[in-house]
Amino acid sequence: SNPGAQTLRTEALSKSFGSFAANSDVSLAFQPGARHALIGPNGAGKTTFINLLTGGLAPTAGKVWMGDTDITHLAQHERVKLGMTRTFQINTLFAGMTVLESVVLAVSERRGLQGVWYKTVASHQDVVDEAMALLATLKLTAEANTVTRSMAYGKQRLVEIALALATQPSILLLDEPAAGIPSAESKELFEVIAQLPRDVTVVFIEHDMGLVFRFADRITVMVGGKVLTEGTPAEISADPRVKEVYLGE
Ligand code: ADP
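Following full-length UniProt numbering, the numbering of the sequence shown begins with 5 at its first residue and continues without gaps.
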């Protein structure tokens, strides 16, 4: 579907904390354009796995690949340059700034225009245009001049995603994007995520199975630091082992 895109994959990725194996032999591939959910009970190792992908944690063993490039030992910012990014919380960053100002700043940074500030970017209309296009993608156009922190949490999550998209990723990692927001807002949030351009692969951790089965096209189930199974939503919902895991929780 997306010839230029690179497949992110892991090869027998393992991470131990002391003698405790938080991830063991995790080999997974994320196909370009997928909306790929990582599910599993608390403590299954999902967040650890995402941190191994981003470079937030170093693996004990195994490899991470982007296409033919071994990125296992690259720093986080180098992975961002190669097209992998995750959202980060805007709670402390960007306090007092509007949505547009924040996204303009993020676009400026990617373009190497440090110090370009929204109020002084008359000569950088293209930066503002790119930021406005991102806001349109995230259905935030009407909130462009609203102070981000005054908005509903669901909208703030969308701003976090806009800031991540400003790095022009081919792979976007979301660790529980709907956590802490009301369910009506989380459905809206996922509707926007599902409609992101298909040149962005989205990998997300989500506990709400209604959201997972409505918005994922691929699901990996982790249990005890290992991959239990992977498949389409239909395959996963029909798998008795998956039911067992959730009934046993
Ligand atoms: P999940 O995201 O599926 O809930 P995590 O990846 O957060 O699972 O955690 C998997 C296991 O690894 C948990 O038992 C957790 O306590 C343990 N763990 C995670 N991070 C650390 C750490 N920095 N030090 C020690 N144990 C950790």
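Every residue gets a Cβ at the ideal spot worked out from N, C-alpha and C, and that includes glycine. Quick caveat: nothing in here was measured; it's all calculated off a predicted structure.
| Query | Result |
| --- | --- |
| Alpha helix (DSSP H) segment containing R114, residue limits | 103-114 |
| Check whether K19 and L56 have beta carbons under 7 Å apart | yes |
| Cβ shell of G59 (< 7 Å), same chain only, five flanking positions each side left out | L78, A79, Q80, R83 |
| Where H40 sits in the DSSP three-state scheme | strand |
| Helix, strand or coil at N55 [DSSP, three-state] | helix |
| CA-to-CA distance, V103 to A220, given in whole angstroms | 28 Å |
| Alpha-carbon spacing of S31 relative to T150, whole angstroms | 43 Å |
| heavy atom of the ligand ADP below 6 Å from N46 C-beta | yes |
| M136, DSSP secondary structure in three states | helix |
| Check whether I223 and A48 have beta carbons under 7 Å apart | no |
| Neighbourhood of M155 by C-beta distance below 7 Å, restricted to the same chain and skipping five residues each side | E147 |
| Same chain only: Cβ atoms within 7 Å of G71, ignoring 5 sequence neighbours per side | Q10, T11 |
| Residue ranges of each beta strand (DSSP E) within the segment 185-215, 3 or longer | 205-209 |
| heavy atom of the ligand ADP below 6 Å from K230 C-beta | no |
| Cα-Cα separation between E164 and S174, rounded to whole angstroms | 16 Å |
| Opposing strand residues paired with I94 [DSSP bridges] | Paired residues: none, contrary to the question. |
| E164, DSSP secondary structure in three states | helix |
| Cβ neighbour criterion (16 or more within 10 Å) applied to T89 | buried |
| Supposed contact pair I197 and P186 - C-beta distance, whole angstroms, cut 8 Å | Not quite, the Cβ-Cβ distance comes to about 16 Å (not below 8 Å), so this is no contact. |
| 8 Å Cβ shell around K143 - same chain, five flanking residues per side excluded | L162, V196 |
| Host beta strand (DSSP E) of E147 (start-end) | Per DSSP, E147 belongs to no beta strand (DSSP E) and is neither H nor E. |
| Pick from A242, H211, Q160 that is closest to L193, judged by C-alpha positions | Q160 |
| Alpha helix (DSSP H) segment containing I240, residue limits | 237-241 |
| Residues of its chain near A135, where Cβ-Cβ distance is below 7 Å and the 5 sequence neighbours each way are ignored | L104, V107, V108, V111 |
| For I94 and K230, the rounded distance between their alpha carbons | 32 Å |
| Simplified DSSP assignment, three categories, for L61 | coil |
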